[in-house]
Every structure is written in structure tokens, then in C-alpha cells.
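Engineer: Residue numbers (our numbering): 612 to 776.
Here you go, one structure.
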């Protein structure tokens with residue numbers, strides 16, 4: 612009677628386990644010095660102005676125009692539903708390059724935010740009040756899209772991938 616020998620190369624499994632031990636998270640928003648920088652037309656910081664628009668202000672009669680949470684949530688949900696990010700996650704995890712997956716996801720999130728600005732979040736943001744349009748015209752600004760007066764808020768958005776220690 613002969614014995615058969617079974618060998619198994621578990622390098623892929625070992626690489627996958629190693630890759631998954633590295634844990635990261637993504638930050639996208641008004642980060643670092645951009646948060647504390649004063650907005651050019653007011654005494655408010657970019658972060659303060661961003662918060663007012665992200666959540667709205669009942670007392671100042673400013674409607675909610677989410678440029679972070681809603682666009683990112685919807686965009687990531689679409690990517691996950693389409694299986695795009697799952698397929699890429701598997702690819703990068705197998706290659707022991709999970710950080711690259713996070714970098715790609717962070718890039719997607721920044722693009723979702725940018726697209727929200729240029730499309731008024733696909734036309735879902737409340738239109739500007741007539742008084743706001745008139746004030747902009749008096750300053751020589753013909754921009755009539757919400758959150759696009761000076762472009763400073765939009766330019767203050769950035770992202771990064773952070774490794775959990």
C-alpha cells in the first residue's frame with residue numbers, strides 16, 4: 612500500500628490574513644488648516660460655513676445642503692451594490708495591498724463630493740433665495756448655484772487614509 616501525500620500552498624491565505632490585520636479608515640471633509648481658515652467673505656471659518664450648509668440653519672433660514680454625508684453615502688452605496696468595491700477589495704486583499712483599496716475609496720468619496728458641488732447634488736439642493744442671487748450680482752458674481760459663490764468651501768475639501776495603530 613502506498614501513501615499519497617497532499618500538499619497545500621497557503622501563501623494566499625497567509626497574505627490575506629496579513630493584509631486584513633492592517634486596519635484603516637478614511638477621512639473626507641474640511642480637514643487640517645482648511646478647517647480653521649477664515650472664509651474670504653465673512654468672519655466664519657470654512658468648517659463653520661460647511662457645518663451650516665451640511666446641516667442647515669433654522670435660525671438663519673438656510674436649508675440643509677449636504678455636500679459630504681449624503682453624496683458619499685449614496686455614492687458608496689451605489690459602488691457596493693454594483694459590486695465594484697467588493698471586487699476591488701478582493702483583488703487588493705489578495706495582493707496584500709489593502710491600503711490601496713482604501714486610497715481608491717477615498718478618491719471615489721472626494722469625487723462624489725466634487726460632483727455634488729457642480730450638480731447641486733443632482734439638482735436636490737434648494738435653490739438660492741432671490742436676495743442671495745441679487746447680493747452676488749451686486750458683487751459682480753453671476754454664479755447662481757448653491758455653495759459656489761467663491762469656490763472656497765469646495766476647495767477646502769480633502770481626504771486622507773489613516774492607519775489604525
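The beta carbon of each residue, even a glycine, is placed where N, CA and C say it ideally should be.
Please read these numbers as outputs of a predicted model, since none were measured by experiment.
Distance check for residue 741 and residue 771, CA to CA, integer angstroms please.
Structural biologist: 37 angstroms
Engineer: Hey, how far is the Cα of residue 735 from the Cα of residue 682?
Structural biologist: 11 angstroms
Engineer: Quick one: Cα of residue 665 to Cα of residue 767, how far?
Structural biologist: Distance between the alpha carbons of residue 665 and residue 767: 14 angstroms.
Engineer: Sorted by chain position, which residues of the same chain lie with C-beta nearer than 8 angstroms to residue 721's C-beta, five sequence neighbours on each side aside?
Structural biologist: 639, 768, 769 and 770
Engineer: Please name the residue in 715, 699, 679 and 671 whose C-alpha comes closest to that of residue 661.
Structural biologist: 679
Engineer: Out of 729, 670 and 644, which one is the CA nearest neighbour of residue 806?
Structural biologist: Since the displayed the chain opens at 612 and closes at 776, residue 806 lies outside it and no answer follows.
Engineer: Could you compute how far the alpha carbon of residue 718 sits from the alpha carbon of residue 739?
Structural biologist: Cα to Cα, residue 718 sits roughly 29 angstroms from residue 739.
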